[in-house]
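As given, the protein sequences belong to chains A and B, one line each in that order. All residue numbers for the first sequence refer to this note's numbering, where the first residue is 1 and numbers rise by one. All residue numbers for the second sequence refer to this note's numbering, where the first residue is 138 and numbers rise by one. A quick write-up on the structure given underneath.
2 protein chains.
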Amino acid sequence: MTPSAVLESALYVTDLAAAEAFYGGVLGLERIVRVEGRHVFFRCGEGVVLLFDAEATRQPPRPDAKLPVPPHGAVGQGHLCFAASAAEIDRWKAHFEAEGIAVEADFEWPSGGRSIYIRDPSGNSLEFAEPRIWGFR
Amino acid sequence: MTPSAVLESALYVTDLAAAEAFYGGVLGLERIVRVEGRHVFFRCGEGVVLLFDAEATRQPPRPDAKLPVPPHGAVGQGHLCFAASAAEIDRWKAHFEAEGIAVEADFEWPSGGRSIYIRDPSGNSLEFAEPRIWGFR
Numbered sequence: 001m002t003p004s005a006v007l008e009s010a011l012y013v014t015d016l017a018a019a020e021a022f023y024g025g026v027l028g029l030e031r032i033v034r035v036e037g038r039h040v041f042f043r044c045g046e047g048v049v050l051l052f053d054a055e056a057t058r059q060p061p062r063p064d065a066k067l068p069v070p071p072h073g074a075v076g077q078g079h080l081c082f083a084a085s086a087a088e089i090d091r092w093k094a095h096f097e098a099e100g101i102a103v104e105a106d107f108e109w110p111s112g113g114r115s116i117y118i119r120d121p122s123g124n125s126l127e128f129a130e131p132r133i134w135g136f137r
Numbered sequence: 138m139t140p141s142a143v144l145e146s147a148l149y150v151t152d153l154a155a156a157e158a159f160y161g162g163v164l165g166l167e168r169i170v171r172v173e174g175r176h177v178f179f180r181c182g183e184g185v186v187l188l189f190d191a192e193a194t195r196q197p198p199r200p201d202a203k204l205p206v207p208p209h210g211a212v213g214q215g216h217l218c219f220a221a222s223a224a225e226i227d228r229w230k231a232h233f234e235a236e237g238i239a240v241e242a243d244f245e246w247p248s249g250g251r252s253i254y255i256r257d258p259s260g261n262s263l264e265f266a267e268p269r270i271w272g273f274r
């Protein structure tokens, strides 16, 4: 038995409003839910991108909580990579340049496939890469 | 334009060897690559789970690097959720109990669907949840 897929990928952000504007606006992801001061979640394909304020999620659930979600929360620059075709990477790069968002790196992997990297407003490293860099498709 | 999928989800670990044994052994994921002292990566469905030692990934690339991967690295307990059917969650729970791994939480969401939570050896919060908690399938 092994997991069939990742359902939720999480990043921690220092400014939830800026994160919501970026992931919903610049990246165009569909927002699922926001809980003020704690999180904002977005749909992405068959998965969900979770953006948390670690100050809030590090609090343990109350003893009487009906949904005793275990605490978690990290500090520092996380990483997440979105799938993109070669043509989409070209379009993302033009989009980021038009939005004044620096593309921090842009290269081809030795075994084939391109990655570009930007930062979200909290400094998380976001990559857009062709799935073939991992042998997919 | 919006990303079609998450390709890579990352967690930071304090002991790469323990992480490799856990994700490869207990969870049964297929290891793609290990770079001693820096990372170990696993395939999971159409995506990849990246486990990093943040001490290593926080180092900026050398000026002459051919693959100038931007630095990143977080400290603290991260979160990741694997997709699992209701029957698989039953099997995972039995598996974790057999392995002596505490199931920290186990509940049904108000709108339907079950989640269970464990910790990886570095304390990251791992969830196994039915995709229908987000309206999938």
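No residue lacks a Cβ here, since even glycine has one placed at the ideal position from N, Cα and C.
Spatial distance of residue i from residue j (CA atoms)
i, j, result
"L67 (chain A)", "E30 (chain A)", "25 Å"
"F107 (chain A)", "C218 (chain B)", "30 Å"
"A191 (chain B)", "V212 (chain B)", "7 Å"
"N280 (chain B)", "R114 (chain A)", "Residue coverage of chain B in this structure runs from 138 to 274, which leaves residue 280 (chain B) outside it and unanswerable."
"A94 (chain A)", "A224 (chain B)", "45 Å"
"A84 (chain A)", "V170 (chain B)", "22 Å"
"A239 (chain B)", "W229 (chain B)", "12 Å"
"L27 (chain A)", "F128 (chain A)", "11 Å"
"E46 (chain A)", "Q77 (chain A)", "25 Å"
"P61 (chain A)", "V49 (chain A)", "22 Å"
"P207 (chain B)", "R132 (chain A)", "20 Å"
"S141 (chain B)", "P258 (chain B)", "31 Å"
"A154 (chain B)", "I116 (chain A)", "29 Å"
"H39 (chain A)", "R274 (chain B)", "24 Å"
"A193 (chain B)", "P110 (chain A)", "21 Å"
"E104 (chain A)", "G249 (chain B)", "41 Å"
"H318 (chain B)", "E157 (chain B)", "Lying outside 138 to 274, the shown extent of chain B, residue 318 (chain B) is not represented and no answer is given."
"G135 (chain A)", "F179 (chain B)", "12 Å"
"P200 (chain B)", "F189 (chain B)", "22 Å"
"G174 (chain B)", "V150 (chain B)", "11 Å"
"E267 (chain B)", "G162 (chain B)", "22 Å"
Chain A within 8 Å of residue i, Cβ atoms only
i, result
"R228 (chain B)", "yes"
"F159 (chain B)", "no"
"Q214 (chain B)", "yes"
"L153 (chain B)", "no"
"E192 (chain B)", "no"
"H176 (chain B)", "no"
"I197 (chain B)", "The identity of residue 197 (chain B) in the sequence shown is Pro, whereas the question assumes Ile. Not closer than 8 Å to any Cβ of chain A, the Cβ of P197 (chain B) fails to qualify, so no."
"P268 (chain B)", "yes"
Residue i at chain B interface by Cβ criterion, 8 Å
i, result
"T2 (chain A)", "yes"
"I101 (chain A)", "no"
Residues that DSSP places opposite residue i in a beta bridge
i, result
"I255 (chain B)", "B:L263"
"R31 (chain A)", "A:F42"
"H79 (chain A)", "A:S125"
"S9 (chain A)", "A:V49 and B:L217"
"G73 (chain A)", "B:Q214"
"A242 (chain B)", "B:Y254"
Within chain A, the residues that residue i reaches when beta carbons sit closer than 9 Å
i, result
"H209 (chain B)", "G76, Q77, G78, H79, G123, N124 and S125"
Neighbour list for residue i in chain A, Cβ cutoff strictly below 8 Å
i, result
"V143 (chain B)", "V6, S9, C44, G45, G47, V49, L80, C81, F82 and A83"
Chain-ordered neighbours of residue i on chain B, where CB pairs are closer than 9 Å
i, result
"V152 (chain A)", "Nothing about residue 152 (chain A) can be reported from this structure: the residues present for chain A run from 1 to 137 only."
"V69 (chain A)", "A242, F244, S252, Y254, S262 and E264"
Cross-chain neighbours of residue i in chain A, by beta carbon under 7 Å
i, result
"G165 (chain B)", "M1 and T2"
"F273 (chain B)", "E46"
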